[in-house]
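Working notes, beginning with the structure itself.
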Amino acid sequence: MEPASHGLRESATFDRATIHAIQRAAETGIYDIRGWGAKRKLPHFDDLLLLGASMSRYPLEGYRERCDTDVVLGTRHAKHPLRLATPVTIAGMSFGALSAQAKEALGRGASEVGTSTTTGDGGMTPEERGHSKHLVHQYLPSRYGMNPDDLRAADAIEVVLGQGAKPGGGGMLLGQKITERVAGMRTLPIGIDQRSACRHPDWTGPDDLAIKILELREITDWEKPVYVKVGATRTYYDVKLAVHAGADVVVVDGMQGGTAATQDVFIEHVGIPTLAALPQAVQALQELGVHREVQLIVSGGIRSGADMAKALALGADAVAIGTAALIALGDNHPKYDAQYRELGSAAGYFDDYQDGRDPAGISTQDEELAARLDPAEAGRRLANFLRVMTMEAQTLARACGKAHLLHLEPEDLVALTIESAAMARVPLAGTNWIPGEGL
23 MEPASHGLRE SATFDRATIH AIQRAAETGI YDIRGWGAKR KLPHFDDLLL LGASMSRYPL
83 EGYRERCDTD VVLGTRHAKH PLRLATPVTI AGMSFGALSA QAKEALGRGA SEVGTSTTTG
143 DGGMTPEERG HSKHLVHQYL PSRYGMNPDD LRAADAIEVV LGQGAKPGGG GMLLGQKITE
203 RVAGMRTLPI GIDQRSACRH PDWTGPDDLA IKILELREIT DWEKPVYVKV GATRTYYDVK
263 LAVHAGADVV VVDGMQGGTA ATQDVFIEHV GIPTLAALPQ AVQALQELGV HREVQLIVSG
323 GIRSGADMAK ALALGADAVA IGTAALIALG DNHPKYDAQY RELGSAAGYF DDYQDGRDPA
383 GISTQDEELA ARLDPAEAGR RLANFLRVMT MEAQTLARAC GKAHLLHLEP EDLVALTIES
443 AAMARVPLAG TNWIPGEGL
């Protein structure tokens with residue numbers, strides 16, 4: 023007999039998931055660590071709609087009229103800015119968190135469509151560099167792989183101050199994923215848990231960061247764009263400080279961004295949604311008079327061409343994907359469902375990236391599991407997905423009468439809820455009202 027037939031009702035405050043979390047903590051005395059990103063429902067791009075053209079606006083014919091997609095990143099100071107064919111890039115995910123095969127596949131897929139991929143916290147692998155037309159090298163608090171040769175070998179440098187899944191927190195890599203090769207690249211003992219610092223040891227504030235950025239420019243002869251990445255929290259102020267420090271590109275990562283491993287309490291309770299952070303970043307750039315001169319990349323929960331089009335309409339120059347890219351490679355694929363269930367999960371639900379037992383061979387350092395991933399085939403799948411995202415965004419832009427994706431603007435958007443209208447700073451659908459304005 024069902025509990026409801028006995029008049030039983032689940033508590034909204036102490037639901038079964040909460041009870042389970044308390045029981046697990048009481049039994050183990052250890053906080054919960056997992057991968058993926060926030061699972062709670064948050065305001066997102068689904069809460070916005072694009073206004074297609076009809077009478078007051080003139081749409082473009084998809085089969086006859088062009089809608090361009092190219093974007094240039096790093097025009098402020100770099101001699102050689104990145105020229106990408108599409109404004110969707112691959113976010114930083116480390117070798118260590120991911121297998122060498124997965125890193126190679128990301129490079130293959132991104133290169134096939136003319137966009138960039140990013141090294142992540144773990145150094146640059148030959149496989150990734152060799153198959154990446156445009157490779158961004160991350161400079162993180164751990165300083166793993168930080169040497170002048172790799173900096174010069176990269177096409178851009180991304181100074182990471184925070185991630186959307188864990189702003190203010192350092193990275194984690196559990197011992198079972200620290201193999202001999204991973205340990206050698208990171209100068210770590212084999213098989214021992216690693217936790218990166220939460221802040222860079224090279225500076226204590228924006229003035230020191232400016233000195234570090236100048237040092238990076240001198241090491242690379244002013245050729246490479248320098249990005250500054252922040253986890254979305256105090257976004258307005260962080261973006262202004264990044265610009266003052268000399269960033270060519272600012273990357274804002276919302277709390278829906280994924281991670282290979284961190285505390286569940288961090289993922290669900292720190293940071294602000296991508297939708298809330300993006301308008302703050304644009305406002306900061308506009309007030310400094312550098313919007314479009316300093317390019318803005320937004321990441322954190324981007325899943326489709328619709329998400330990309332809406333982000334661009336709100337003022338981003340490009341988006342970055344991480345979790346979606348792994349799914350495109352083959353993560354959480356139904357063909358591995360039986361093996362996911364053996365791990366106590368299921369296809370579509372697997373988030374234990376930290377354990378290194380991913381049956382798809384993506385978030386693992388187990389040689390047998392990693393060998394399951396064919397980098398060429400996985401790269402082709404990713405390229406297909408990136409093409410679809412770009413075509414979806416083009417379709418929407420043409421419907422709004424735009425001949426380039428970067429011509430999309432806030433005027434092309436309305437919101438479905440008061441919360442999303444206030445965050446995105448666009449009107450509530452069917453009204454001219456933007457909550458908080460005109461008061």
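Counting from 1 along the sequence shown, just add 22 to a position and that's the residue number in this note's numbering. By construction, the Cβ of each residue, glycine as well, lies at the ideal position given by its N, Cα and C atoms. This structure is a prediction, so every number in the text was calculated from the model and none was measured.
Beta-carbon proximity of THR141 to GLY114, cut-off 8 Å: yes
Looking at VAL274: is its Cβ nearer than 8 Å to the Cβ of LEU300? yes
Subject >> Closest residue to THR296 among PRO65, LEU72 and ASN169 (Cα-Cα distance) >> reply: PRO65
Taking GLY276 as the reference, give the member of GLY144, ASP377, GLY59 and ASP54 with the closest Cα. GLY59
*Comparing alpha-carbon positions, which option in CYS220, VAL341, GLY29 and GLN317 lies nearest ALA328?*
VAL341
Whether or not the segment 234-249 and the segment 281-297 are in contact is what I'm after, with contact meaning three or more pairs of Cβ atoms, one per stretch, closer than 8 Å; do they touch? no
ask   = Since SER138 and ASP177 are thought to touch, with beta carbons under 8 Å apart, how far apart are those beta carbons, to the nearest angstrom?
value = 7 Å
**Request:** Excluding the 5 residues preceding and the 5 following LYS251 in the sequence, name in chain order all residues of the same chain whose CB lies nearer than 6 Å to its CB.
**Result:** GLU180, VAL182 and VAL273
THR284: first and last residue of the uninterrupted beta strand (DSSP E) it sits in:
281-285
In the segment 404-445, which residue ranges form an unbroken beta strand (DSSP E) of at least 3 residues, counting only runs that do not cross its ends? 435-437
Leaving out five residues on either side along the sequence, give the residues of the same chain with a beta carbon under 6 Å from the beta carbon of GLY129. These residues qualify, in order along the chain: THR139, GLU150, HIS153 and SER154.
*Which same chain residues, not among the five before or five after ASP260, have their C-beta less than 6 Å away from its C-beta?*
The residues are VAL252.
If you count every other CB in all the chains shown that lies within 10 Å of the CB of GLY322, and 16 or more means buried, which is it? It is buried - the Cβ of GLY322 has at least 16 other Cβ atoms within 10 Å.
*Tell me whether the beta-carbon of ILE233 lies closer than 8 Å to the beta-carbon of PRO170.*
no
Margin query: Need the endpoints of the alpha helix (DSSP H) that GLU21 sits in, please.
Written below: Residue 21 lies beyond the range of the chain shown here (23 to 461); nothing can be said about it.
### Touching by the beta-carbon criterion (3+ pairs, under 8 Å), the segment 88-102 and the segment 354-369
no
Note to self: With a threshold of 8 Å on Cβ separation, who are the neighbours of GLU459 within its own chain once the five nearest residues in sequence on each side are excluded?
What the structure shows: Scanning its chain for C-beta atoms nearer than 8 Å, with the 5 sequence neighbours on each side dropped, one finds around GLU459 the residues ARG447, in chain order.
Tell me whether the segment 39-59 and the segment 201-218 touch, counting them as touching only if at least three CB pairs, one residue from each stretch, are closer than 8 Å.
no
Quick check: the Cα distance between THR108 and HIS42, rounded to an integer number of angstroms?
44 Å
- Item | Residues that DSSP places opposite TRP58 in a beta bridge | The partner list for TRP58 (beta bridge, DSSP) reads THR281.
Would LEU351 pass as a contact of ALA127 if the rule is Cβ separation under 8 Å?
yes
- Message: Less than 8 Å between CB atoms is the rule here; does THR242 satisfy it with respect to chain B?
- Response: Given the protein chain composition of this structure (a single chain), no chain B is represented.
**Report entry** For GLY114, three-class secondary structure by DSSP
**Finding:** Reduced to three states, the DSSP call for GLY114 is strand.
| said: Spatial neighbours of ALA392 within its chain, please: C-beta separation below 6 Å, excluding the five flanking residues on both sides. | reply: SER121, GLN123, GLY383 and THR386
How many Å lie between ALA419 and GLU49 at the Cα?
53 Å
Considering only the beta carbon of each residue, do MET411 and VAL110 sit closer than 8 Å? Yes. Within cutoff.
Roughly how many angstroms separate the alpha carbons of THR257 and GLN302, rounded to a whole number?
-> 6 Å
Check your understanding: Which term fits ILE52, buried or exposed, when burial requires 16 or more other beta carbons within 10 angstroms of its beta carbon?
Key -> exposed
Item to complete: Below 8 Å on the Cβ atoms is my guess for LEU318 versus ALA346; work out the distance and round it to an integer in Å.
Response: Their Cβ separation, rounded to whole angstroms, is 19 Å, which puts LEU318 and ALA346 out of contact at 8 Å.
request  = Can you give me the start and stop residues for the beta strand (DSSP E) that SER321 sits inside?
outcome  = 317-321
(Q) Just verifying my parser: in three-state terms, what is the DSSP assignment at HIS28? (A) helix
Quick check for students: name the residue ranges of the beta strand (DSSP E) that lie wholly in the segment 295-349, counting only runs of 3 or more.
317-321 and 340-343
Less than 8 Å between the C-beta atoms of LEU196 and GLN376, yes or no? yes
Anticipated Cβ contact below 8 Å, PRO223 with PRO163, distance rounded
7 Å
- Could you tell me the distance, in whole angstroms, from the CA atom of PHE372 to the CA atom of ASP380? 8 Å
Problem - Start-end ranges of the alpha helix (DSSP H) lying completely within the segment 138-193, minimum 4 residues - result: 148-152 and 170-175
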